[in-house]
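**Student:**
Residue numbers (the numbering used here): 246 to 669.
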């Protein structure tokens, strides 16, 4: 991952790399260029609107052809197998007398196949073979071996060695891992790019064989695990927005576009007369959802507004309108919020001091802060100096910021700005 932050961090030992330039949210160019500084490998010219916490790029269709839980034949070799060398990993090797089980294989009952009794204090090596079939191998342009292992392994595809971890030298029937691998590291899959070996894959009806010599570092080590997955992928040529992050893994299919913003017929602000509000969006077939209670509208929550056939929304009092445009297969438009403030309503809000809604903290003290919702009746009602239009004009003259957010951001004891003002 490289961040276009302008921080210019190039140290290869840093957690992340940062470019010496930043990017606007849309309508600029991003290109990957060969080391010659001239050949453009890929580019977005220009790229579309970008959103916070949502990445953008080319998706990859992926198919797990060897999943966790796949059928496996396995064998703990002994000295009688010494003359086999690596022939046991070949396509035509007869493994019919081997034991059968499911991946992963390890010590203990928490895995698909428990091999502790057959291996512990007997041998540090385990041979496994997994048959799989590929209907159209030419369809794919990527292949990854995902592996959880403790402590090492040598992997073969159709008899050809493709990768080894934590082992050097010539493998034998009783090879062991070069070193102990911390058990915590085996809790996550480690990915190995195998694109260079795609041409080894055979199309159905011919079988393929993933063979693995799994290695423990000591014959008496009570920790052992091997969990392989073989994943094939194909790049999609249409750029997409990715709502689900997959760091270090394939990009999964996302949304091809963002629904256009919702347009409001009236601007947010102060009003003293009733009006009818209409909502619209430029994208055909998009649906507009809106709420009047401050909650966030979604494709399943809120009222539906139809610009052509539906009635307008009557705005005759202080009203918070939140709207979003949605369309299946696309990212929702950003939620738009318009606050229509009627000062005459503000004058009389919560005259008895009651909370604005049931979810708000009750009047009094909350987390050490006083909740005082009501207007002062001695000013807005009893004092003749502020009667009529005078108080209305005064309210409109006050510099005002409308803040629309979830209640937790206001009143949560650990982060609410009203009840925990000094929290960072």
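All C-beta atoms in this analysis are idealised placements derived from N, C-alpha and C, irrespective of residue type, glycine included.
(1) What are the complete alpha helix (DSSP H) segments, minimum 4 residues, inside the region 331-410?
(2) Just checking, does the region 296-310 make contact with the region 325-333 on the three C-beta pairs under 8 Å criterion?
(3) With respect to the beta strand (DSSP E) encompassing residue 559, which residues constitute its N-terminal and C-terminal limits?
(4) Indicate the three-state DSSP secondary structure (helix, strand or coil) for residue 473 in the structure shown.
(5) Report yes if the C-beta distance between residue 488 and residue 299 is below 8 Å; otherwise report no.
(6) In this structure, does DSSP put residue 626 in helix, strand or coil?
(7) Tell me which residues share the same chain as residue 274 and place their Cβ nearer than 8 Å to its Cβ, disregarding the 5 neighbours each side in the sequence.
(8) Closer than 6 Å by C-beta to residue 277: which residues in its own chain qualify, once you throw out the five before and the five after it? Chain order, please.
(9) Taking the beta carbon of residue 474 as the centre, do at least 16 other beta carbons fall within 10 Å, making it buried, or is it exposed?
(10) Cutting at 6 Å between CB atoms, please list the residues of its own chain near residue 539, excluding the five before and the five after it.
(11) For the region 621-633 against the region 507-519, are there 3 or more C-beta pairs whose distance is under 8 Å?
(12) For the pair the region 394-407 and the region 356-368, tell me if three or more CB-CB distances fall below 8 Å.
(13) So the candidates are 447, 295, 633; which of them puts its Cα closest to the Cα of residue 379?
(14) Which stretch, first to last residue, makes up the alpha helix (DSSP H) that contains residue 637?
(15) Can you tell me whether DSSP reads residue 459 as helix, strand or coil?
(16) Grab the span of the alpha helix (DSSP H) containing residue 653 for me, first residue to last.
(17) Among 254, 562, 387, 524, whose alpha-carbon lies nearest the alpha-carbon of residue 444?
(18) Alpha carbons only, please: which of 478, 317, 572, 392 is nearest the one belonging to residue 381?
(19) Alpha helix (DSSP H) containing residue 590: first to last residue?
(20) Would you mind stating whether residue 509 and residue 455 have Cβ atoms separated by less than 8 Å?
(21) Please state the DSSP three-state secondary structure of residue 432.
(22) My understanding is that residue 567 touches residue 592, with C-beta atoms under 8 Å, so please give their C-beta distance in whole angstroms.
(23) Which of the three DSSP states, helix, strand or coil, is assigned to residue 196?
(24) Should residue 583 go down as buried or exposed, given a rule of 16 or more other Cβ atoms within 10 Å for buried?
**Tutor:** On the basis of the supplied data:
(1) Along the length of the region 331-410, whole alpha helix (DSSP H) runs at least 4 residues long occupy 361-364, reported in chain order.
(2) no
(3) Per DSSP, residue 559 belongs to the beta strand (DSSP E) from 558-560.
(4) strand
(5) Residue 488 places its beta carbon less than 8 Å from that of residue 299.
(6) helix
(7) Sequence-distant partners of residue 274 (beyond 5 residues in either direction) whose C-beta falls short of 8 Å from its own C-beta, in its chain, are 288, 289, 290, 291, 292.
(8) 286, 287
(9) Counting Cβ neighbours within 10 Å, residue 474 comes out buried, since at least 16 surround it.
(10) The residues are 565.
(11) no
(12) no
(13) 447
(14) Element bounds for residue 637: 634-642.
(15) strand
(16) 653-656
(17) 387
(18) 478
(19) 588-592
(20) no
(21) helix
(22) With a Cβ gap of about 25 Å, residue 567 and residue 592 do not count as contacting.
(23) It is not possible to answer for residue 196, since the shown part of the chain is limited to 246 through 669.
(24) buried
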